[in-house]
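Report on the structure given below.
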Amino acid sequence: MRATATVILGRASKLGFRRMLDAMSNARTAVAVQMPELPDADGFPTLSSWEVSGPLRFSADWQGNDADPERETEVRLLWTPEWLFVRFRARFRVITVFPNAEPSGRRDQLWDRDVAEVFLQPDQSHLRRYKEFEVSPNGFWIDLDIAPGEKHDLKSGLRRRVILNEAAKIWVAELALPMKCLVARFDPAATWRVNFYRVEGAAEPRFYSAWQPTQTPAPNFHVPEAFGELVFVHSPLPRE
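Note that the working numbering gives residue 150 to position 127 of the sequence shown, counting from 1, and the numbers run on in steps of one.
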C-alpha cells in the first residue's frame with residue numbers, strides 16, 4: 024500500500040491526492056478517474072482503463088432497505104476533457120425490455136422497463152435542475168434536461184455500448200457523455216452532484232434501487248436533495 028501511494032503522489036499534487044483519500048472514505052462521494060489510456064476502436068475505455076477506477080456498488084431499494092445481491096449494480100467512472108464515461112455492471116433476475124425504439128435507439132418512457140440511470144447536476148446553484156441519462160439491457164436510451172415543472176430532450180449526443188450475458192445474469196452498459204452537453208467549460212477541480220439508479224420489471228412490485236436512497240414513501244428518483252457528490256481525480260485510486 025505504501026509503495027502504491029508513493030507512486031501516485033509523484034503523479035498528482037498533494038491536494039489532488041488528499042481529495043482522492045477523502046473521497047474514498049466518504050460513502051456519499053463517487054470518484055471519476057482520468058482515463059489513463061487511449062480509447063479502444065469503438066471510442067470507449069479499455070478494460071484496463073476501467074479497472075483503475077474504484078467501483079461503487081448498491082443493491083438496496085430506494086429507501087435503503089431490502090438489499091438484493093442478485094440485483095447488485097456496480098458503477099465505474101472515467102473522464103477526459105471531452106467525455107464523461109459511465110459503466111454499469113448490473114446483475115439481474117429477469118430481463119424486461121421494450122421490443123422497439125426510434126432508429127437511433129432512443130425510447131420514450133424507457134423507465135417503464137429495465138434501466139440503469141445516472142442523474143448529473145454539474146451546477147449546484149440550481150438545486151432542481153439536472154441531467155438524466157438512462158440505458159436499457161438491449162441498448163435503448165433516453166437523455167433529458169430536468170427543471171422544475173418540465174423536462175426536455177437533452178439531445179446530448181451520447182454514445183452507448185451494451186453487452187447482455189443471459190447465462191451469467193449480468194448486463195453491462197457503457198455510456199459516453201459529451202462534456203459539452205453537461206457544462207460550458209469542464210473544470211476537473213469542480214465538485215458535481217450525482218445519483219445512480221436501477222429499475223427492474225414491468226409490473227408492480229418492481230425493483231427500484233438507488234445508490235443514495237431518496238427515502239420517499241413511494242419510489243421516486245427525482246430527489247436532488249439526496250444526490251451524492253462526484254469528484255474528478257487525475258490518478259488511479261490506491262488499492263489495498
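Backbone N, C-alpha and C fix where the C-beta goes; we use that ideal spot for every residue, glycine too.
Selected residue, minimal CA-CA separation from residue i, among the options
i	options	result
Q235	K192, F244 and R229	F244
R216	R182, E197, V246 and S72	V246
W134	P240, R229, D210 and L79	R229
E97	S258, G128 and A53	A53
A226	V256, K192, T119 and P68	T119
A139	A196, F255 and R208	A196
P171	R152, S159 and E157	R152
P240	W85, V141 and Q147	W85
P242	G87, E173, W106 and D210	G87
Buried or exposed by the 16-neighbour rule on C-beta atoms within 10 Å, applied to residue i
i	result
A199	buried
K178	exposed
R10	This structure cannot settle anything about residue 10, because the visible part of the chain is limited to 24 through 263.
I165	buried
L61	exposed
A50	exposed
K154	buried
Assigned secondary structure, residue i (DSSP; H/G/I helix, E/B strand, else coil)
i	result
W234	coil
R116	coil
D135	helix
R94	helix
N243	coil
F255	strand
E248	helix
W85	coil
V30	Reliability fails at V30, whose pLDDT of 31 lies under 50, so the model's placement of it is uncertain and no value is given.
L187	strand
L266	Outside the shown range of the chain (24 to 263) lies residue 266, about which nothing can therefore be said.
Residues bridged to residue i [DSSP beta-bridge criterion]
i	result
P201	W106
E173	A170
F156	V141 and D166
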